[in-house]
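Student: Provided herewith is a single structure, encoded as structure tokens, for subsequent inquiry.
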Amino acid sequence: MSATFPRCYSKQDLQLNLMIVRQFSSRGVTSHLCARFKETQTRQVMARPSSDLAAFREVFSKAKHVAILTGAGVSAESGVPTFRGEGGFWRKWQAQDLATPGAFSQNPSRVWEFYHYRREVMLTKSPNSAHVAIAECEARLQKQGRRVTVITQNIDELHRRAGSTNILEIHGSLFKTRCMSCGHVGVNHKSPICAALEGKGAPDPNTSDAQIPPQDLPRCEQGGCSGLLRPNVVWFGETLDSDILTRVEEELDLCDLCLVVGTSSIVYPAAMFAPQVAARGIPVAEFNMEETPATMRFRFHFQGPCGTTLPPALARHNNEP
Ligand SMILES: [Zn+2]
């Protein structure tokens, strides 16, 4: 199986992908997915994708069911840090060091400081014109009996804040918690999330750990539980929620147009899902700062900041009522 993945996967991304496959395996569809992925690879059409906006707009005007896959690039244009890649550090760590079950069990205080900081940063960030264009498109098409679904890797809720309602957050949310004892998942927008984290979480590399005792970290408020809460995000080495993945599969099977926005197509899900849609003969349009390893499999490619390229692409078309 691993031979079917491009070598450009980082260890973490490969691990995430293999976990997905195992997840699907428990649902009995592994061979299906793998076969599709191989088929996609052998069918690579090396024709250059079109950058003809009018041609895309024609396809868009007829689409009844639009799936929009979004990734870090959309958030980056709102200034949301990812803590990955060059310069992407919180203190001396990157996301892949702290966003793991092992890091949380060893040092829940440090991991909570990291997530508290990320939650607080989001109070200073706003949806950008790409988020707004997607949300307006959903509202407008809905009135015409057409459907837009956002399938996002982003955990910052900027799509929701822009007004999108039909969202599948495959990596969870910074603003949801899950109880380590009873499993309850709750929405939580408190700032700070608990008294002990107030003023903590500074990203400077010289900052000392706050070493907050576990009983003072966020705790479950379900009757009589008070278990330790964790962020309800998918960490490295963890499986994605199988109910959400099932809904993603349904959307990808139903869509008659797919957009891949601000995601490199070398990491899950774009790596498997958008080529899978393209292999069905469905038009896929990529909006990204640069070409990606999957660009050549797609019908359209629009290069540049998605806050610039997306609004004219998703604006009301003359054919719309
Ligand atoms: Zn609980």
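At position 169 of the sequence shown the residue is numbered 169 (UniProt numbering), and the sequence of numbers has no breaks. A virtual CB, placed ideally from N, CA and C, is assigned to each residue, including glycine.
(1) Exposed or buried, G304, counting other C-beta atoms within 10 Å across all chains shown (16 or more means buried)?
(2) How long is the line joining the alpha carbons of L69 and A270, rounded to whole angstroms?
(3) Apart from the five residues on each side of it in sequence, which residues of its chain come closer than 6 Å, Cβ to Cβ, to T292?
(4) Using only Cβ atoms and a threshold of 6 Å, which residues come within that distance of a heavy atom of ligand 1? Order them by chain position.
(5) Assuming L240 and V233 are in contact, meaning their beta carbons sit under 8 Å apart, how far apart are those beta carbons, in whole angstroms?
(6) What separation, rounded to the nearest whole angstrom, lies between the Cα atoms of S173 and H65?
(7) In the DSSP assignment, the alpha helix (DSSP H) including P213 goes from what residue to what residue?
(8) Would you decide whether A55 is buried or exposed? Buried here means 16 or more other CB atoms lie within 10 Å of its CB.
(9) Let's test the definition: count the other Cβ atoms within 10 Å of the Cβ of G73 and tell me whether it reaches 16, buried, or not, exposed.
(10) How close, in whole Å, do the beta carbons of N128 and E169 come, if the pair is a contact with beta carbons under 8 Å?
(11) Could you please give the first and the last residue of the uninterrupted beta strand (DSSP E) stretch that includes K125?
(12) Please go through the stretch 65-101 and give each complete alpha helix (DSSP H) segment of 4 or more residues, from N-terminal end onward.
Tutor: On the basis of the data shown:
(1) exposed
(2) 7 Å
(3) S264 and S265
(4) C179, S181, C182, H184, C220, Q222, C225 and G227
(5) Their Cβ separation, rounded to whole angstroms, is 11 Å, which puts L240 and V233 out of contact at 8 Å.
(6) 25 Å
(7) Unbroken run through P213: none, as it is neither H nor E.
(8) exposed
(9) buried
(10) With a Cβ gap of about 18 Å, N128 and E169 do not count as contacting.
(11) Where K125 is concerned, there is no enclosing beta strand (DSSP E), given that its DSSP letter is neither H nor E.
(12) 72-76 and 95-98
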